[in-house]
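Novice: The structure is given below, and queries will be raised subsequently.
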Amino acid sequence: MLDHEYTTKDIFRKNFFKDWRKEMTSEEKAKITDLKKCNFTEMSEYFKGLSEARKAMTKEQKLKIKEENERLLQEYGFCIMDNHRERIANFRIEPPGLFRGRGDHPKMGMLKRRIRPQDIIINCSKNSKHPEPPPGTKWKEVRHDNKVTWLVSWTENIQGSIKYIMLNPIHMTCLTINMCPPLVFLLKKCVDRIRAQYREDWKSKEMRVRQRAVAIYFIDKLALRAGNEKEEGETADTVGCCSLRVEHIKLYPENEGQEYVVEFDFLGKDSIRYYNKVPVEKRVFKNLQLFMENKEPDDDLFDRLNTSVLNKHLQELMDGLSAKVFRTYNASITLQQQLKELTNEDENIPAKILSYNRANRAVAILCNHQRAPPKTFEKSMQNLQAKIDAKRDQLANAKRDLKAAKADAKGLRDDKSKKTVETKRKAVQRIEEQLMKLEVQATDREENKQIALGTSKLNYLDPRISVAWCKKWGIPIEKIYNKTQREKFAWAIDMAEKDFEF
DNA sequence: CAGCTAACTTAGTATGTATGCT
DNA sequence: AGCATACATACTAAGTTAGCTG
Numbered sequence: 001m002l003d004h005e006y007t008t009k010d011i012f013r014k015n016f017f018k019d020w021r022k023e024m025t026s027e028e029k030a031k032i033t034d035l036k037k038c039n040f041t042e043m044s045e046y047f048k049g050l051s052e053a054r055k056a057m058t059k060e061q062k063l064k065i066k067e068e069n070e071r072l073l074q075e076y077g078f079c080i081m082d083n084h085r086e087r088i089a090n091f092r093i094e095p096p097g098l099f100r101g102r103g104d105h106p107k108m109g110m111l112k113r114r115i116r117p118q119d120i121i122i123n124c125s126k127n128s129k130h131p132e133p134p135p136g137t138k139w140k141e142v143r144h145d146n147k148v149t150w151l152v153s154w155t156e157n158i159q160g161s162i163k164y165i166m167l168n169p170i171h172m173t174c175l176t177i178n179m180c181p182p183l184v185f186l187l188k189k190c191v192d193r194i195r196a197q198y199r200e201d202w203k204s205k206e207m208r209v210r211q212r213a214v215a216i217y218f219i220d221k222l223a224l225r226a227g228n229e230k231e232e233g234e235t236a237d238t239v240g241c242c243s244l245r246v247e248h249i250k251l252y253p254e255n256e257g258q259e260y261v262v263e264f265d266f267l268g269k270d271s272i273r274y275y276n277k278v279p280v281e282k283r284v285f286k287n288l289q290l291f292m293e294n295k296e297p298d299d300d301l302f303d304r305l306n307t308s309v310l311n312k313h314l315q316e317l318m319d320g321l322s323a324k325v326f327r328t329y330n331a332s333i334t335l336q337q338q339l340k341e342l343t344n345e346d347e348n349i350p351a352k353i354l355s356y357n358r359a360n361r362a363v364a365i366l367c368n369h370q371r372a373p374p375k376t377f378e379k380s381m382q383n384l385q386a387k388i389d390a391k392r393d394q395l396a397n398a399k400r401d402l403k404a405a406k407a408d409a410k411g412l413r414d415d416k417s418k419k420t421v422e423t424k425r426k427a428v429q430r431i432e433e434q435l436m437k438l439e440v441q442a443t444d445r446e447e448n449k450q451i452a453l454g455t456s457k458l459n460y461l462d463p464r465i466s467v468a469w470c471k472k473w474g475i476p477i478e479k480i481y482n483k484t485q486r487e488k489f490a491w492a493i494d495m496a497e498k499d500f501e502f
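In terms of the UniProt record's numbering, the first sequence is numbered consecutively and its last residue is 502.
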């Protein structure tokens, strides 16, 4: 971990040293009293050496390791559920190490304990064969609970939460969609009613109802998460809708020519910053002013509201409705609308794919799916730009050649010079196409710098929206989904028609 | 109704591998 | 072939939700 910046942080070092001392013998305790005086470079070099050695292995050695991994996967990576052999998502126990939470985490650097057989609860069918604990040890418990999906659980020592070994998430299949339409579809049917309801509630004489209504408006309009309260000092200081504090928003009666602007600035899940400036309706604005009256910056914006109350209310409006359904719903509808809006009939396939990527980015922006810019980003951008410049030169040359050939051919009428001109013309055309492709690639990459595209594309959205778009515009499906994804979404590829509407 | 907690579900990062380009 | 880049996936932290308890 020495290469990481966080090992220089005070909290990290303090937590680490405190936990390390707990593991020391009394002699070590007496001797090792100051982390600053400890030098770990020898260990660090050793592990770096190992990783170098791994990289330098021959093809055969690498293959051998791969085969061994495959064997382990086949032996431990599957279970039988309802007579089907199902892949287990995470069959390896989490190894010990130093905890690194995301963002400014008060527990960073703490020792994450090794999990031992006596920590493990096994959950399987009665009479089924389950893995035996290592010789001389026992599982904490073997139970047979068929009301839950997990196979193994243990309690983790940093937050005291339960960790599970589970199956790969089962994706929507043709069957489940027909039998039980996903909540998103149900919400689509009644979203107008629900919106009318919360707009009405902005005027309620009850403060808690108004707060609830404004919160739902934010969740709906901005795709904010519900925002459970968290215990102070146990986790990074992050918030969602219900846990917003006064300090997280600023109100501007007028801003850059727009009325009633709210500026959001807070850290959300994974300590990803949410920054947004949005005009809201006058009633919402007035309500926010009211909620903020006589409050300190670190007071709750919605002091009469929490996620439990909110979800209970949503449940009454529609069976199964909860805050997160709005996120999925708005993600889906945004993709569909953006695809319609951005796709230009007259453009070629690379340009259409760019539009597709932009529609997906619109969803990622809505849901605030961000990533750290890749470390090699600047360099790869420069490489691409160099390629583009080279291609431009090539094009200029080809054009010059074509012109010369045309000039040569002018006086003559022979087939040979005609043919030369034609070849040159084709060359220019080909290079133009290549240049365009590169330019599209550069635009796409630049726009993708800080956007985590995969998240919404693969976890959130009904693949039939994308599949329908492909079918509509004659885009080969492999341009948007790779082989694994095509397998995963095979049902959607079969089902979706070009006029499918979510 | 607050507080707790089990059981999922969502999410970003790290890393190894496949792919495509010159 | 050799490199750069894209992709796949493993990993696990950090959310949400609902149900229980007193």
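Backbone N, C-alpha and C define an ideal beta-carbon position, used for all residues, glycine too.
Bridge partners of Ile121, per DSSP?
Specialist: Position 121 of the first sequence holds residue 121. DSSP output for Ile121 lists Glu141 and Ser153 as bridge partner(s).
Novice: Judging by CA-CA distance, which residue of Glu234, Ser380, Lys221 and Arg92 is the nearest neighbour of Gly160?
Specialist: As a position in the first sequence, residue 160 is number 160, starting the count at 1. With distances taken between Cα atoms, Gly160 lies closest to Glu234.
Novice: State buried or exposed for Ile80, treating a residue as buried only when at least 16 other CB atoms are found within 10 Å of its CB.
Specialist: Position 80 of the first sequence, counting from 1, holds the residue named residue 80. Label assigned to Ile80: exposed.
Novice: Flag this pair as touching only if the region 137 to 154 and the region 284 to 293 have three or more C-beta atom pairs under 8 Å; answer yes or no.
Specialist: Contact between the region 137 to 154 and the region 284 to 293 is absent, because fewer than three Cβ pairs lie under 8 Å.
Novice: So the candidates are Pro117, Pro96 and Asn448; which of them puts its Cα closest to the Cα of residue 503?
Specialist: Nothing about residue 503 can be read from this structure; the chain reaches only from 1 to 502.
Novice: With DSSP collapsed to three states, give me the class of Cys190.
Specialist: Position 190 of the first sequence, counted from the first residue, corresponds to residue 190. Here Cys190 sits in helix by DSSP.
Novice: Considering only C-alpha positions, which residue in the set Thr484, Glu229 and Tyr198 is nearest to Ile219?
Specialist: Taking the first residue of the first sequence as position 1, residue 219 is located at position 219. When each option's Cα is compared against that of Ile219, the closest is Tyr198.
Novice: Can you check DSSP and say which residues form a bridge with Glu263?
Specialist: One-based indexing of the first sequence puts residue 263 at position 263. Lys250 and Lys277.
Novice: Determine the closest residue to Arg102 out of Tyr252, Arg273, Asp34 and Glu478, with distance taken between C-alpha atoms.
Specialist: On the first sequence, position 102 is the one that residue 102 refers to. Comparing Cα positions, the closest option is Arg273.
Novice: Using the three-state DSSP reduction, which class does Tyr460 fall into: helix, strand or coil?
Specialist: Locating residue 460 in the first sequence gives position 460, counting from the first residue. Note: Tyr460 maps to helix in three-state DSSP.
Novice: With contact counted as at least three CB pairs below 8 Å, one residue from each stretch, are the region 403 to 417 and the region 481 to 501 in contact?
Specialist: The region 403 to 417 vs the region 481 to 501: no contact.
Novice: Where do the N-terminal and C-terminal ends of the beta strand (DSSP E) with Met81 fall, by residue?
Specialist: Residue mapping note: residue 81 aligns to position 81 of the first sequence, counting from 1. It spans Phe78 to Met81 - the beta strand (DSSP E) in which Met81 sits, taken as one unbroken run.
Novice: Quick one: grab the DSSP three-state call for His84.
Specialist: As a first step, residue 84 must be located in the first sequence, where it is residue number 84. His84: strand per DSSP, three-state reduction.
Novice: Residues in its own chain within less than 8 Å of Lys391 by CB, not counting five upstream and five downstream?
Specialist: The residue given as residue 391 occupies position 391 in the first sequence. Closer than 8 Å at the Cβ level, and outside the excluded window around Lys391, lie Ile431, Gln434, Leu435 and Leu438.
Novice: Using the beta-carbon count (16 or more within 10 Å), is Leu244 buried or exposed?
Specialist: Along the first sequence, read from residue 1 onward, the residue named residue 244 stands at position 244. So Leu244 ends up on the buried side.
Novice: Report yes if the CB atom of Leu98 is closer than 8 Å to the CB atom of Met24, and no otherwise.
Specialist: Numbered from 1 along the first sequence, position 98 holds the residue referred to as residue 98. Numbered from 1 along the first sequence, position 24 holds the residue referred to as residue 24. The answer is no: Cβ separation not under 8 Å.
Novice: On the criterion of 16 or more Cβ atoms from any shown chain inside 10 Å, does Val284 qualify as buried, or is it exposed?
Specialist: As a working mapping, residue 284 is identified with position 284 in the first sequence. Buried: at least 16 other Cβ atoms inside 10 Å.
Novice: Could you give the residue range of the beta strand (DSSP E) that holds Ile165?
Specialist: On the first sequence, residue 165 is found 165 positions in, with the first residue counted as 1. Ile165 -> beta strand (DSSP E) spans Ile162 to Ile165.
Novice: Excluding the five sequence neighbours on either side, which residues of its own chain have a C-beta within less than 6 Å of the C-beta of Val142, listed in chain order?
Specialist: For the purposes of this step, residue 142 is identified with residue 142 of the first sequence, where counting begins at 1. So the qualifying residues of the chain are Ile122.
Novice: Sort out for me which residues DSSP pairs Gln258 with in a bridge.
Specialist: Numbered from 1 along the first sequence, position 258 holds the residue referred to as residue 258. According to DSSP, Gln258 bridges with Asn255.
Novice: What is the DSSP secondary structure of Leu301, reduced to helix, strand or coil?
Specialist: Numbered from 1 along the first sequence, position 301 holds the residue referred to as residue 301. In this structure, Leu301 counts as coil in the three-state DSSP scheme.
Novice: Once the 5 residues before and after Glu86 are set aside, which same chain residues still bring their CB inside 8 Å of it?
Specialist: As a position in the first sequence, residue 86 is number 86, starting the count at 1. Hits under 8 Å: Phe78, Cys79, Ile80, Leu167 and Asn168.
Novice: In whole angstroms, what separates the C-alpha of Lys424 from that of Lys403?
Specialist: Position 424 of the first sequence holds residue 424. Position 403 of the first sequence holds residue 403. Cα to Cα, the separation comes out at about 9 Å.
Novice: Hey, Asp104 and Asp237: beta-carbon distance below 8 Å or not?
Specialist: Mapped onto the first sequence, residue 104 falls at position 104. Mapped onto the first sequence, residue 237 falls at position 237. Contact: yes.
Novice: Take every Cβ of the region 442 to 456, pair it with every Cβ of the region 350 to 361, and state whether three or more of those distances are shorter than 8 Å.
Specialist: Short answer: they touch.
Novice: Express the C-alpha separation of Ile115 and Asn157 in angstroms, rounding to a whole number.
Specialist: By one-based count along the first sequence, residue 157 stands at place 157. By one-based count along the first sequence, residue 115 stands at place 115. Looking at the two C-alpha atoms, the distance is approximately 9 Å.
Novice: Could you please give me the residues that DSSP links to Lys112 through a beta bridge?
Specialist: Walking along the first sequence from the start, residue 112 turns up at place 112. Paired residue(s): Gly97.
Novice: What are the residues that DSSP puts in a beta bridge with Gln370?
Specialist: As a position in the first sequence, residue 370 is number 370, starting the count at 1. The partner list for Gln370 (beta bridge, DSSP) reads Ile451.
Novice: Could you tell me if Ala398 is buried or exposed, where buried requires 16 or more neighbouring beta carbons within 10 angstroms of its beta carbon?
Specialist: Position 398 of the first sequence, counting from 1, holds the residue named residue 398. It counts as buried.
Novice: Within a Cβ cutoff of 8 Å, which residues of the same chain sit near Ile365, ignoring the five residues on either side of it in sequence?
Specialist: Locating residue 365 in the first sequence gives position 365, where the first residue counts as 1. So the list reads Ile451, once near-sequence residues are dropped.
Novice: What is the DSSP secondary structure of Arg245, reduced to helix, strand or coil?
Specialist: Position 245 of the first sequence holds residue 245. In this structure, Arg245 counts as strand in the three-state DSSP scheme.
Novice: So, Leu453 versus Asn368, is the Cβ gap smaller than 8 Å?
Specialist: Here residue 453 is taken as the residue at index 453 of the first sequence, counted from 1. Here residue 368 is taken as the residue at index 368 of the first sequence, counted from 1. Contact: no.
Novice: Should His313 be labelled buried (16 or more other beta-carbon atoms within 10 Å of its own) or exposed?
Specialist: Within the first sequence, residue 313 is the residue found at index 313, counting from 1. His313 comes out buried.
Novice: Using 10 angstroms around the beta-carbon of Leu224, count the other beta-carbons present and answer buried if the total reaches 16, otherwise exposed.
Specialist: For this step, residue 224 is matched to residue 224 along the first sequence. Under this definition Leu224 is a buried residue.
Novice: Give me the Cα-Cα distance between Arg339 and Ala226, rounded to the nearest whole angstrom.
Specialist: The count along the first sequence starts at 1 and reaches residue 339 at position 339. The count along the first sequence starts at 1 and reaches residue 226 at position 226. It should be pointed out that residue 339 corresponds to Leu in this sequence rather than to Arg. In a straight line, the C-alpha of Leu339 is about 28 Å away from that of Ala226.
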